[in-house]
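Following: one structure in structure tokens, then a few remarks.
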Amino acid sequence: MSPQTTPESSGRNGAYLALLLMIVVWGCNWPIMKIGLEDIGPLLFAFIRFVSGAVCLFAVLAFRKRLRLPGRADLPVMLSVGLGHMGLFLTLVNIALLYVPAGRSAILSYTTPLWVVPMAVLFLGERLTWRKLLGLAAGLGGLMVLFNPAGFDWSDPDTVTGNGLLLLAALIWAGVIVHVRGHSWSLSPLQLAPWQLLTGAVPVGLLALFFEHDATVTWSPSLIAVLLYNGPLASAFAFWASVHVSRTLPSISASIGFLGVPVVGYLAAAVLLGEAITLTTGGGLALIIAGVAFVLLSDRTNSRKSG
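Position in the sequence shown (from 1) plus 1438 gives the number in this note's numbering.
Below you can see the structure in the form of structure tokens.
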């Protein structure tokens, strides 16, 4: 380890790498989920995704001899992430995707900074630097440009319901991000991740049994590919990465960094689903990218000062 490298800076560098990979995996997954939901119900889809992701992580931990049962100290964060982010968030998102285009869904569900900033300042005592304020303004400005509330029919109840579910999902995830950052961890995020996935799978599976017991699943090569992507990558890896990032980086920085997901999601939806990208869209994406850059620059500057 070089004189300029500390365990804290090394941990942050790992968190930035996890954030980057998570952005790509989850961003590409928005149109992939949209494709999968043509052949399977949203609740059963989420249940299979959680269970397969948990199996992957259990296998990894068993191979590395790091599999542990969660203790009482980690039960709050296990329930918060498992029921809140994994179970409730993904259920709301999957239902909303039945009514809302993939690109717009990715945008609305990542309005988390709107809620994280006041929560983090109030409950965690995080400070808003001028760079973070500028990044927040740019990122949310980009979201508003992409969202374009005049661009859809407010008289359509399905449209209003779908968009409302996505905003509710964003609010729930914001609370989880702040909780993860403030929690005193016993086990590591990787050791808790499969238990959190199973925690989310239980209520989702019960809901699927009740509401989708007579739904038809159309097994096709595309659905199998979607499920294979969603198990190991979009669930096992990406959920672990999101918790690791939320635990390691300041809550405000993490939530604004997550705005990279709708950027990739919007572009992936254009490539895979043919959703239109306009000049306005390009401007919105540029604002979000600028906002994320300002926040990361603020973190790097503060890290050098503290080091």
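Note that CB positions come from ideal geometry on N, CA and C, so glycine has one too.
Can we say the stretch 1614-1623 touches the stretch 1553-1569, given the rule of at least three CB pairs closer than 8 Å?
yes
For residue 1469 versus residue 1707, is the C-beta distance shorter than 7 Å?
yes
May I have the straight-line CA-CA distance separating residue 1675 from residue 1460, to the nearest angstrom?
8 Å
Where residue 1702 and residue 1463 are concerned, what is the direct C-alpha to C-alpha distance, given to the nearest angstrom?
9 Å
Taking its Cβ as the centre, do 16 or more other Cβ atoms sit within 10 Å of residue 1503, making it buried, or is it exposed?
exposed
To test your reading of the DSSP string, which unbroken alpha helix (DSSP H) runs of 4 or more residues are found completely within the stretch 1514-1580?
As far as the stretch 1514-1580 is concerned, its whole alpha helix (DSSP H) runs of at least 4 residues are 1528-1534, 1540-1547, 1550-1557.
Helix, strand or coil for residue 1718? Go by DSSP, reduced to three states.
helix
Let me know if residue 1441 comes out buried or exposed under the rule of 16 or more other beta-carbons within 10 Å of its beta-carbon.
With a pLDDT of 45 at residue 1441, under the threshold of 50, the modelled position of that residue is not reliable, and the figure given next carries that caveat. Label assigned to residue 1441: exposed.
What separation, rounded to the nearest whole angstrom, lies between the Cα atoms of residue 1567 and residue 1451?
21 Å
Once you ignore the five residues that flank residue 1750 on each side, which residues in its own chain have a CB closer than 7 Å to its CB?
The structure shown does not extend to residue 1750, since the chain spans only 1439 to 1745, so no value can be given for it.
Leaving out five residues on either side along the sequence, give the residues of the same chain with a beta carbon under 6 Å from the beta carbon of residue 1522.
Shown here for residue 1522: same chain residues with a beta carbon closer than 6 Å to its own, the five before and five after excluded, namely 1610, 1614 in chain order.
Within 10 Å of its beta-carbon, does residue 1647 have 16 or more other beta-carbons around it, so buried, or fewer, so exposed?
exposed
Under the assumption that residue 1642 contacts residue 1484 (Cβ atoms under 8 Å), give the Cβ distance between them as a whole number of angstroms.
5 Å
Report yes if the C-beta distance between residue 1551 and residue 1693 is below 7 Å; otherwise report no.
yes
Using the three-state DSSP reduction, which class does residue 1458 fall into: helix, strand or coil?
helix
Could you check if residue 1439 is buried or exposed, using at least 16 other CB atoms within 10 Å of its CB as the buried criterion?
The predicted model places residue 1439 with a pLDDT of 45, which falls under 50 and marks its position as unreliable, so this point remains unresolved.
For residue 1649, is the classification buried or exposed, using 16 other Cβ atoms within 10 angstroms of its Cβ as the cut-off for buried?
exposed
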